[in-house]
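One structure is given below, encoded as structure tokens.
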Amino acid sequence: MAGEGGSMRVTAINGVKMYVVSGQRSLPTWHHPNKLKALRKDNEYRRRIDLIQDLNFNTASTRIKATPDGEYIIVSGTYPPQVKVYELRQLSLKFERHFVAEIINFQVLGDDYSKLAFLCADRSVCLHAKYGSHYSVRIP
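Below, the structure written as structure tokens:
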């Protein structure tokens, strides 16, 4: 059974849906601002799906949070314990950092990814800045 879901084809076999994703033309950067504004009313443009490149983990992702400015998504995952930061404007991976222990939770301390706090499974709190690990303290 195959159906059309807008410009994306959907095939369902034994209750499992498979989506056919194809590339489409991106908008030129030199477009006039009024033309870009008019796209807000274009239903096909509004229903498009943008995929973030390299948004995957070997085992699982545990937490996903957006920065308050809405420019970045921060994702923590397990085995190996790591955090990845994605830039939404470019739809790509900004950087990734690996940890010694699994990340239980994290908090964005600034407006962007420049200040982060991570609570790890080994009872440590790791503070990170743009340049990397800033300070780590273990809680008794």
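Going by full-length UniProt numbering, 136 is the number at position 136 of the sequence shown; the sequence numbering is gapless.
Beta carbons are placed, not taken as given, at the ideal position from N, Cα and C, and that holds for glycine.
If you're wondering where the values come from, they're calculated on a predicted model, not measured in any experiment.
With a cut-off of 8 angstroms on the beta carbons, I'd call Ile64 and Ile52 a contact; round off their distance for me. That pair is no contact at about 11 angstroms.
Where does residue 141 land, buried or exposed, given buried means 16+ other C-beta within 10 angstroms? Because residue 141 is not part of the residues shown, which for the chain are 1 to 140, the question remains open.
Where does Arg9 sit, in a helix, a strand or coil, going by DSSP? strand
DSSP three-state label for Arg48, please. Correct three-state label for Arg48: coil.
Pull up the DSSP beta-bridge partners for residue 162, would you. The requested residue 162 does not occur in the structure, where the chain is confined to residues 1 to 140.
Please tell me whether Val10 and Thr67 are closer than 7 angstroms, where the distance is taken between their beta carbons. no
Where does Ala117 fall in DSSP's three states? Correct three-state label for Ala117: strand.
Where Val66 falls: helix, strand or coil (DSSP): The question names Val, but residue 66 in the sequence shown is Ala. If DSSP states are grouped into helix, strand and coil, Ala66 belongs with the strands.
Would the stretch 82–102 and the stretch 32–44 be scored as touching if the rule is three or more Cβ pairs under 8 angstroms? no
So residue 165 and Ala60 are in contact, right, with Cβ under 8 angstroms, and what is the actual spacing, rounded? Since the first residue shown for the chain is 1 and the last is 140, residue 165 is missing from the structure and cannot be characterised.
Chain B beta carbons: is any one of them nearer than 7 angstroms to that of Arg40? Absent from the structure: chain B. Only one protein chain is present.
Going by alpha carbons, who is nearest to Tyr19 out of Ile49, Pro33, Lys130? Relative to the Cα of Tyr19, the nearest Cα in the group Ile49, Pro33, Lys130 belongs to Ile49.
Going along the chain, which residues of its own chain have a beta-carbon closer than 7 angstroms to the beta-carbon of Arg123, five neighbours each way excluded? Arg138, Ile139
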